[in-house]
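Quick note: the sequence shown, position 185, residue 1658 per the numbering used here, numbers continuous. We put the beta carbon where it would ideally sit given N, CA and C, even for glycine.
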Amino acid sequence: MKRNLDLIIFDLDGTLYPANKDMDMGYPRAAIQLLARKTGRDLAEVEKEFMNRKEELRSVINGKPTSTLTLLYYYDVSFDEFENEVDQVLNIDDYIQPDPKCVRVVQRIHAEYPLFLYTTNNAKVSRRILKRLGLDTLFPQEKRFSFTDAGKLDLPLREKLEYIKPGIKGFKHILNKHNAEPERTLMIGDSEVSDILPARKLGLQIYHITNRNSFYSLPEWLGI
Ligand SMILES: [Mg+2]
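Below, the structure written as structure tokens:
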């Protein structure tokens, strides 16, 4: 039987395509390069400090933080600056391959439910990844909430950061936008800390992506 849902929220990285270690390294690299350039400090020194800060933030959020959150939390760097740095550092096509099977799965789900994308990645890189995957029309601009959108909110910085996963305000914002009930909303993601725990806290249904097969099994799980 088809599951009754108001909304399905997808994570991007590690969910719509497999996580890639080399690509993941691009985010801390971009953060460290940017900080070294801005402060005129030595790259190795900045790296050491950044990694310590990341460890420190781990205990604040009770789980492994992203480099993005670490950067914004501790340093005077704008959302735009980091977005542009990552956009320059990452050559998406080197890491992500088009996956027609994934496109068919999302098309199938899209025909039955409203979809939304909630990602810690920024708008420019998300757009390039979705294009590469052939999913850009299934998740159009207005159906995405990214790091960049959190940055544009008219709020003090610390409040903006609560709209970045694993903060729960972004989830709430997306539910409100769609008039969706938490118990009739499904969160699909690969990260225990960023996707699963906050969604569970808000009473959303959860689908944990652990490998490609778990992704391809989604239509069956949804009963469509
Ligand atoms: Mg992810």
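Which residue's Cα is closest to the Cα of residue i: the options?
i: Ile1505; options: Thr1541, Ser1664 and Pro1587; result: Thr1541
i: Asp1553; options: Lys1650, Ile1661 and Lys1625; result: Lys1625
i: Tyr1500; options: Phe1523, Lys1650 and His1646; result: Phe1523
i: Lys1645; options: Arg1673, Asp1627, Pro1629 and Arg1631; result: Arg1673
Check whether the Cβ atoms of residue i and residue j lie closer than 7 angstroms to each other.
i: Leu1677; j: Val1578; result: no
i: Ile1565; j: Arg1600; result: no
i: Gly1643; j: Arg1476; result: no
i: Pro1571; j: Gly1513; result: no
i: Thr1488; j: Asp1663; result: yes
i: Tyr1680; j: Leu1648; result: no
i: Ile1641; j: Pro1613; result: no
i: Tyr1546; j: Met1496; result: no
i: His1583; j: Leu1611; result: yes
Is DSSP giving residue i helix, strand or coil here?
i: Gly1487; result: coil
i: Tyr1500; result: helix
i: Thr1658; result: strand
i: Glu1618; result: Correcting the residue type first, residue 1618 is Phe in the shown sequence and not Glu. Reduced to three states, the DSSP call for Phe1618 is strand.
i: Gln1580; result: helix
If we count the other Cβ atoms within 10 Å of its Cβ and call it buried at 16 or more, is residue i buried or exposed?
i: Asp1486; result: buried
i: Leu1563; result: buried
i: Lys1527; result: buried
i: Ala1503; result: buried
i: Pro1573; result: exposed
Inter-stretch contact (C-beta, 8 angstroms, three-pair minimum) for the segment 1627–1647 and the segment 1600–1614
no
Taking contact to mean 3 or more Cβ pairs, one atom from each stretch, closer than 8 angstroms, check whether the segment 1614–1628 and the segment 1580–1600 are in contact.
A contact exists between the segment 1614–1628 and the segment 1580–1600.
Say whether the segment 1514–1527 touches the segment 1550–1570, bearing in mind that this needs 3 or more beta-carbon pairs closer than 8 angstroms, one atom from each stretch.
no
Is the number of C-beta pairs between the segment 1480–1494 and the segment 1578–1588 that are closer than 8 angstroms three or more?
yes
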